[in-house]
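Novice: In the working numbering, the protein residues as written are 181 to 259. We treat Cβ as the ideally placed atom computed from N, Cα and C, and that holds for glycine.
#1: Under three-state DSSP, which class holds residue 189?
#2: Whose CA, out of 244, 195, 215, 213, lies closest to the CA of residue 222?
#3: Identify which residue in 204, 224, 195 has its Cα closest to the Cα of residue 215.
#4: So the candidates are 213, 205, 225, 255; which of them puts its Cα closest to the Cα of residue 198?
#5: Is it right to say residue 205 is buried, meaning 16 or more other beta carbons lie within 10 angstroms of its own, or is it exposed?
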């Protein structure tokens, strides 16, 4: 029997995204922040167990390599 795993990985930069800002007429709008390219990586999986017929929800928040992602998938499947 095989597991069904729905996996999603995403990355988030911690630099503010500015789409609109306000400034007095004739002044250049300024947005101040510390320019640090910090990021958060998040991965989650929803698994369906063929034996127990249950859903599992798994989270991991850390910067990961492709080997760690493969190990995460194996862990979600209970192997």
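Specialist: Well, looking at it:
#1: To locate residue 189, count along the chain shown from 1; it is residue 9. Note: residue 189 maps to strand in three-state DSSP.
#2: On the chain shown, position 42 is the one that residue 222 refers to. That would be 244, whose Cα lies nearest to the Cα of residue 222.
#3: Taking the first residue of the chain shown as position 1, residue 215 is located at position 35. By alpha-carbon distance to residue 215, the top candidate from 204, 224, 195 is 195.
#4: The residue you call residue 198 lines up with position 18 of the chain shown. The residue from 213, 205, 225, 255 with its alpha-carbon nearest to that of residue 198 is 213.
#5: Position 25 of the chain shown, counting from 1, holds the residue named residue 205. By the Cβ neighbour-count rule, residue 205 is exposed, with fewer than 16 other Cβ atoms within 10 Å of its own.
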